[in-house]
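One structure is given here, and the rest of the page talks about it.
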Amino acid sequence: GDSVTQMEGPVTLSEEAFLTINCTYTATGYPSLFWYVQYPGEGLQLLLKATKADDKGSNKGFEATYRKETTSFHLEKGSVQVSDSAVYFCALLPGSARQLTFGSGTQLTVLP
Amino acid sequence: GAGVSQSPRYKVAKRGQDVALRCDPISGHVSLFWYQQALGQGPEFLTYFQNEAQLDKSGLPSDRFFAERPEGSVSTLKIQRTQQEDSAVYLCASSLAELTYEQYFGPGTRLTVT
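Chains as they are written, first to last, in our numbering: chain R, 1 to 112; chain E, 1001 to 1114.
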């Protein structure tokens, strides 16, 4: 079945460091790919998405490119801030289904 | 505007008790989803409604779990005879239309079964 494998956490970085959180997926067909973020005490929020191969999703300085050849959707940010501290979830939406399949999440802590 | 709301935010139940968890989706959203999130894990799909019709309940872990959305807006997830393994955060999400990608999530209900 469909699955998402995410980089194990937790990840701790200093402010202004470069961030990469790896995400790979297994799916039949052509899924859409997402990154969700969960700030402490809040619900999941959509951070960015890509709906087809080679699409790049971007938002708030975060980027991820849909790579079909490597079945990956790695999240990157050039310079993290303390306010980026949160749990990040990679997810896919299969073409034939309505429900999201999530990875296990990566806790990011950014220190000042 | 108001987002997805869930109540209660926290629920402690003794093993064997029944619980009911409520979800108020964003007004006008057609699709509604329930997910279960165990500690340290990503959310896992439970069930999906389009308006009042429950189109997919393949993720419900046992027949002790039941969900309804009788008027196509508010939804209730009911768990009968709770077990310790039911302890988790239960997330509700809604989306505007069947074919839209973005699901808007509520803050969740944390259920602890003692």
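Note that the Cβ used here is the ideal one computed from N, Cα and C, for glycine as well.
- Per DSSP, the beta-bridge partners of R/I21 are R/L75.
- By the Cβ rule, the segment 59-76 of chain R does not count as touching the segment 1021-1030 of chain E, because fewer than three pairs are nearer than 8 Å.
- Counting only runs that start and end inside the segment 1007-1073 of chain E, the beta strand (DSSP E) elements of at least 3 residues fall at 1010-1013, 1019-1024, 1031-1037, 1044-1050, 1053-1056 and 1065-1068.
- In the pairwise beta carbon analysis, the segment 78-96 of chain R is classified as not touching the segment 1010-1020 of chain E: fewer than three pairs are separated by under 8 Å.
- Residue range S32 to Q38 is occupied by the beta strand (DSSP E) that includes R/S32.
- Closest in alpha carbon position to E/N1051, among E/V1074, E/Y1104 and E/T1114, is E/V1074.
- The Cβ-Cβ distance between E/F1105 and R/G43 falls below 8 Å.
- Note: R/A53 is not bridge-paired with any residue in the DSSP secondary-structure output.
- R/T71 is positioned such that its CB atom lies no closer than 8 Å to that of R/T101.
- The beta carbon of R/T26 is closer than 6 Å to those of S3 in its chain, skipping five residues each way along the sequence.
- When C-beta distances to chain R are compared with 7 Å, the residues of the segment 1012-1031 of chain E below that value are S1031, in chain order.
- No Cβ of chain R is located within less than 8 Å of the beta carbon of E/L1060.
- Buried is the label assigned to R/Y36, since at least 16 other Cβ atoms lie within 10 Å of its Cβ.
- Look at E/Q1084 here: in three-state DSSP terms it is helix.
- Pairing E/Q1084 with E/A1038, the inter-Cα distance amounts to about 12 Å.
- When DSSP states are grouped into helix, strand and coil, R/V82 belongs to the helix group.
- Going by DSSP, R/Q99 is part of no beta strand (DSSP E) at all; its letter is neither H nor E.
- For E/V1004, the three-state secondary structure derived from DSSP is coil.
- A straight line joining the alpha-carbon of R/L48 with that of R/G1 spans about 24 Å.
- The beta-bridge partner set that DSSP reports for R/S58 consists of R/E63.
- Each residue's CA atom was taken as its position, placing E/W1034 and R/I21 some 26 Å apart.
- Apart from the 5 residues on each side of it in sequence, R/Q107 sits with its Cβ closer than 6 Å to the Cβ of G9, P10 and V87 in its chain, given in chain order.
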